[in-house]
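Here's the structure, in structure tokens; my notes come after.
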Amino acid sequence: MKLLVTGGAGFIGSNFIHYWLKHYPEDSIVNLDKLTYAGHLSSLKDVSENSRYKFVKGDICSQKLTDSLMVDVDTVVHFAAESHVDRSILHPSEFVRSNVLGTQVLLESALKNKVKRFHLISTDEVFGSLPLNSRTKFSESTPYDPKSPYSASKSAADHLVRAYFHTFGLPITITNCSNNFGPYQNPEKFIPRMITNLILNQKIPIYGDGKNVRDWLYVEDHCWAIDLIVHNGRPGQTYCIGGQKKEFSNFEIAQKIIKLMGMDKSMLEFVADRPSHDRRYAVNWSKVHRELGWSPAKNFDDRLKSTVEWYSNNKWWWMPLKKQAESIYRK
Ligand code: NAD
Ligand code: TDX
């Protein structure tokens, strides 16, 4: 396969590029990334000299550029987006530009160049929020009900991608996945923020009452799900990907991290809540399990432990990003 990966210098995209080059020695990848504050070539240091990998710095909103890059690829895996909910509350317009317009520009190029598969990475946040203490989960048939400018922009992208399937027959697939965690995640996000704060002996801030629940998906498990869907998923279909068997609140996760790092509860601090803070996400991933045999390879506690180890052993990667990551929270 010849892949165009967008947003490959970000968290999930860089993990995906590592994964794909390792598992598919015949394939080549072009990585198109604008290198916003969230894109880091340091995440791709190990593969930068690989002859099957090429980096192009550029914007997915540039039709001329995306047209030219798609001439020679058969598969598009589209990660590029503004991805941070807190930032979307401060600056919504960039979310509409990259997440909505950027996706439509890519779809146009994919159609012109007759790509064999256009895969969009979307989020479970498009489905809104679930009540605490309920057993309900998001699935492929859950109605859209986005609550933040981020999730609204991702919803619009999902609708556009499906419209290109119905209207023009473009062979698309979409994954709506839950919260990812693992190596190379920006320290502005919850799990890496907690770990890196503790390494620096700083308190860890919990929004509101700490009872909010997320469905945590280890990034490598997510890459495997995308792999299965890009190869064997049915065109036009959406697949929900989640990682959790047992649910944990943000407070419980913070306590697990504190324990893994040998610290005590005095490092926890409750702070003001995020506006319109979605209460609970939970994903029913039975479709991808049933059709393609996917399930998370290890349990959450093992994955959390290896994530703590990765951040402890790779300060060179996150330390230069930490100051900027924290500055967003002072606004
Ligand atoms: P990220 O913020 O770490 O990386 C995004 C990447 O996209 C960056 O490298 C950035 O430079 C690039 N980018 C942004 N705008 C661009 C543009 N206009 N042109 C070219 N490149 C651009 O994001 P992530 O956490 O890796 O998320 C990847 C995708 O997965 C996103 O679409 C996000 O909505 C989705 N997603 C993420 C999570 C999660 O937990 N991280 C969960 C569900 C879905
Ligand atoms: O300091 C914090 N304290 C805190 O309590 C931060 C940064 C977050 N939180 C809470 C808010 C959420 O309930 O932790 C939870 C996770 O927060 P984020 O890491 O910001 O993720 P979330 O808002 O859930 O969105 C993420 O998952 C879905 C990704 O950033 C999105 O790109 C993805 O679509």
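Going letter by letter, the sequence shown gives residues 1 to 331 in full-length UniProt numbering.
Even for Gly, the Cβ is constructed at its ideal location relative to N, Cα and C.
Partner residues in the beta bridge of Phe-270, as assigned by DSSP, are Ile-206.
Counting only runs of 4 or more residues that sit fully inside the segment 223-271, the alpha helix (DSSP H) segments are 250-260, in chain order. If you look at Trp-316, you'll find it in the alpha helix (DSSP H) that goes 315-327. Here the alpha carbons of Met-319 and Ile-191 stand approximately 15 Å from one another.
The C-beta distance from Asn-186 to Ala-9 rounds to 11 Å, too long to meet the 8 Å contact threshold. Between the C-alpha atoms of Val-105 and Arg-234 there is a straight-line separation of about 23 Å. The Cβ atoms of Leu-170 and Val-73 do not sit closer than 8 Å to each other. Look at Lys-57 here: in three-state DSSP terms it is strand. When rounded, the separation of the alpha-carbon atoms in Thr-123 and Gly-182 is 17 Å. Trp-316 is classed as exposed because its beta carbon has fewer than 16 other beta carbons within 10 Å across all chains shown.
Ser-178 and Thr-196 have their C-alpha atoms some 22 Å from each other. Of all alpha-carbon atoms in Gly-7, Gln-244, Leu-321, Thr-167, the one lying nearest the alpha-carbon of Lys-54 is that of Gly-7.
Runs of the alpha helix (DSSP H) lying entirely within the segment 48-128, each at least 4 residues long, are 63-70, 85-90, 92-95, 102-112 in chain order. Inter-segment contact for the segment 104-120 and the segment 196-215 is absent: fewer than three beta-carbon pairs are separated by less than 8 Å. Assignment of Lys-305 by DSSP, reduced to helix, strand and coil, places it in the helix class. Put simply, the segment 153-171 does not touch the segment 24-41. Fewer than three CB pairs are less than 8 Å apart. By the C-beta density criterion, Tyr-239 is buried, having at least 16 other C-beta atoms within 10 angstroms. Counting the other Cβ atoms within 10 Å of the Cβ of Asp-33 gives 16 or more, which makes it buried.
In the three-state scheme derived from DSSP, where H, G and I count as helix and E and B as strand, Asn-15 is classed as helix.
Take the alpha-carbon of Tyr-329 and the one of Asn-201: they are about 18 Å apart.
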